[in-house]
Amino acid sequence: MLDSNLFHYNGTTLSCDEASLAELARTFGTPLFVTSAKSLIDSYRVFELAFDALPHFTCYSVKANFNLSIIKTFAELGCGCDVNSGGELFRALQAGVSPNRIIFAGVGKKPEEIAYALESGVLMLKAESLSELKAINQIAGEHGKTASVAIRINPNVTAETHPYITTGDSKEKFGIDEAELPEVFALIRQLQNIRLIGLDMHIGSQIFDPEYYVAATEKLLTILNASKALGFVIEFLDIGGGFPVTYDPLKPATPIRHFAEKLIPMLLPTGVKVIFEPGRFLVANASVLLTKILYKKRNHTGKEFFVVDAGMTELIRPALYQSHHEIQSVTRHENTIIADVVGPVCESSDFFARHRAVPDAQEGELLAVMSSGAYAAVMSSNYNGRLRPAEVLVNGSEVKLVRKRETYEQLVQNELV
Ligand SMILES: Cc1ncc(COP(=O)(O)O)c(C=O)c1O
43 MLDSNLFHYN GTTLSCDEAS LAELARTFGT PLFVTSAKSL IDSYRVFELA FDALPHFTCY
103 SVKANFNLSI IKTFAELGCG CDVNSGGELF RALQAGVSPN RIIFAGVGKK PEEIAYALES
163 GVLMLKAESL SELKAINQIA GEHGKTASVA IRINPNVTAE THPYITTGDS KEKFGIDEAE
223 LPEVFALIRQ LQNIRLIGLD MHIGSQIFDP EYYVAATEKL LTILNASKAL GFVIEFLDIG
283 GGFPVTYDPL KPATPIRHFA EKLIPMLLPT GVKVIFEPGR FLVANASVLL TKILYKKRNH
343 TGKEFFVVDA GMTELIRPAL YQSHHEIQSV TRHENTIIAD VVGPVCESSD FFARHRAVPD
403 AQEGELLAVM SSGAYAAVMS SNYNGRLRPA EVLVNGSEVK LVRKRETYEQ LVQNELV
């Protein structure tokens with residue numbers, strides 16, 4: 043069972059909440075991202091409940107899924123936003139998030155992005171190098187502002203996860219090395235247009251073992267004490283995101299309360315407000331990617347393929363991270379068949395499942411690629427001239443189209459001949 047039960051069989055048809063996925067495919071076509079609003083809300087509540095005893099502020103990391111309606115759903119619950127670019131800041135503001143509930147991250151912010159964040163009045167910018175601190179200071183001066191800044195620490199903790207999503211290790215580009223901190227603190231003292239208000243870290247994504255957070259938080263707390271001793275008034279400790287979800291029922295994620303049980307006793311005595319930046323945890327299991335089986339074929343070795351109308355252009359995670367996604371048929375089938383489920387893109391990495399027991403569905407039937415809410419639609423591309431799919435948000439029996447399918451005209455609209 044995946045973390046959310048909002049996708050379930052109603053009789054023989056897979057549904058999202060009260061909406062039949064077969065009906066949604068008839069109305070909106072495929073490929074289609076279908077998101078359950080209740081599942082988003084449930085995940086947020088589970089997260090908030092786990093950390094209830096700790097004064098904190100949760101900022102949804104919009105990179106996981108930046109659809110305006112999804113950002114708005116969280117904002118209406120009181121959640122802030124973590125953004126990583128001018129584009130994500132624009133999205134958060136468009137979704138109605140108040141700027142003082144937005145924190146701005148990113149290892150390579152351009153001057154115009156820093157200016158945009160300062161002019162918008164975000165809660166803070168997270169600086170990742172000495173050079174960036176100088177740049178923020180200069181731009182703030184030019185705009186007649188004082189920039190509220192957190193420094194992102196690289197705690198040199200190598201969390202066990204996919205190597206492409208570990209970020210708290212010294213060999214990675216992220217954050218400021220502990221060894222550099224004396225220089226950083228000395229610099230901040232000299233910079234007239236910067237106010238240091240936070241210490242920040244983010245050690246990676248899909249981290250199952252709370253001990254990695256414990257190790258990194260210990261380092262952050264040592265730095266908190268050092269910065270206090272130097273006279274800085276630190277208002278926020280940002281622990282980052284990275285909390286895990288279940289993609290494969292055989293590998294269930296560590297419940298969020300286990301992270302809270304370890305972190306709350308460490309953080310509560312500091313009296314400092316804690317920021318969390320969950321992305322995946324809030325959205326991964328709230329969506330499916332609905333796709334139609336175009337063709338079934340079997341080669342001379344007896345290998346079976348389901349060729350579907352979605353591919354790595356809509357969900358690149360299997361190709362990029364070798365990720366597992368459960369696959370269910372929209373019409374329930376008792377029998378399974380060992381097959382590869384592949385997309386139409388001309389790359390061998392364009393698959394959703396390899397040599398997997400999948401429902402023995404027929405050509406023309408629908409499959410749901412489960413847990414497609416995080417790092418899926420946001421990473422979609424036009425490769426092979428593909429159109430980005432439509433997205434719908436379901437709440438009970440109410441269905442809202444929250445992103446239209448792209449058109450051929452949109453594919454060429456920015457090109458000049
Ligand atoms: C700085 C920062 N915060 C938060 C997140 C969200 O991580 P997750 O989706 O694993 O919670 C990321 C993801 O890469 C990140 O880089």
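Taking this note's numbering, the leading residue of the sequence shown gets 43, the next gets one more, and so forth. C-beta atoms are modelled at their ideal positions from N, C-alpha and C, and glycine is treated no differently. Computed from a prediction, not measured in an experiment: that's the story for all the values here.
Check whether the Cβ atoms of residue i and residue j lie closer than 8 Å to each other.
i           : j           : result
residue 217 : residue 170 : yes
residue 410 : residue 350 : no
residue 258 : residue 197 : yes
residue 244 : residue 282 : yes
residue 325 : residue 111 : no
residue 165 : residue 144 : yes
residue 22  : residue 306 : The structure shown does not extend to residue 22, since the chain spans only 43 to 459, so no value can be given for it.
residue 386 : residue 353 : yes
residue 191 : residue 263 : no
residue 327 : residue 384 : no
residue 279 : residue 313 : no
residue 421 : residue 358 : yes
residue 141 : residue 163 : yes
residue 407 : residue 371 : yes
residue 431 : residue 356 : yes
Bridge partners for residue i per DSSP, in chain order?
i           : result
residue 224 : Paired residue(s): none; residue 224 is not in a bridge.
residue 166 : 145
residue 372 : DSSP, once it has assigned bridges, lists no residue as partnering residue 372.
residue 318 : 100 and 282
residue 196 : 219
residue 124 : 103 and 145
residue 462 : Absent from the model: residue 462. The displayed extent of the chain is 43 to 459, so no value can be given.
residue 432 : 74
residue 237 : 190
residue 295 : DSSP, once it has assigned bridges, lists no residue as partnering residue 295.
Could you give the residue range of the alpha helix (DSSP H) that holds residue i?
i           : result
residue 253 : 252–271
residue 174 : 172–184
residue 129 : 128–136
residue 202 : Per DSSP, residue 202 belongs to no alpha helix (DSSP H) and is neither H nor E.
residue 88  : 79–92
residue 454 : 450–454
residue 360 : 359–363
How is the beta strand (DSSP E) around residue i delimited, first residue to last?
i           : result
residue 368 : That residue, residue 368, is in no beta strand (DSSP E); it is neither H nor E in DSSP.
residue 420 : Note, residue 420: premise wrong, no beta strand (DSSP E); not H, not E.
residue 50  : 49–52
residue 382 : 378–384
residue 300 : Careful: residue 300 lies outside any beta strand (DSSP E), inside the alpha helix (DSSP H) at 298–309.
residue 337 : 329–340
residue 442 : 440–445
residue 57  : 55–58
residue 116 : Premise fails: residue 116 lies in the alpha helix (DSSP H), 110–118, not in any beta strand (DSSP E).
residue 393 : 393–401
residue 348 : 346–350
Check each candidate in the options and name the one with the smallest Cα separation from residue i.
i           : options               : result
residue 403 : 342, 107, 424 and 336 : 336
residue 392 : 426, 374 and 420      : 426
residue 455 : 429, 66 and 149       : 429
residue 300 : 315, 97, 250 and 78   : 250
residue 380 : 348, 405 and 366      : 348
residue 66  : 129, 152 and 333      : 333
residue 228 : 90, 271 and 384       : 271
residue 131 : 153, 291 and 104      : 104
residue 323 : 289, 308 and 440      : 289
residue 152 : 382, 177, 339 and 136 : 177
residue 223 : 256, 266 and 200      : 266
residue 138 : 148, 114 and 119      : 114
residue 235 : 302, 86 and 181       : 181
residue 127 : 449, 154, 142 and 355 : 154
residue 83  : 448, 75 and 48        : 48
residue 231 : 195, 179 and 194      : 179
residue 50  : 396, 388 and 373      : 373
residue 89  : 341, 397, 284 and 453 : 284
For ligand 1, list every residue whose C-beta falls under 7 Å from any of its heavy atoms, going in chain order.
-> Ordered along the chain, the selected set is 103, 105, 106, 124, 126, 147, 207, 209, 244, 247, 248, 282, 283, 284, 285, 319, 320, 321, 322, 323 and 416.
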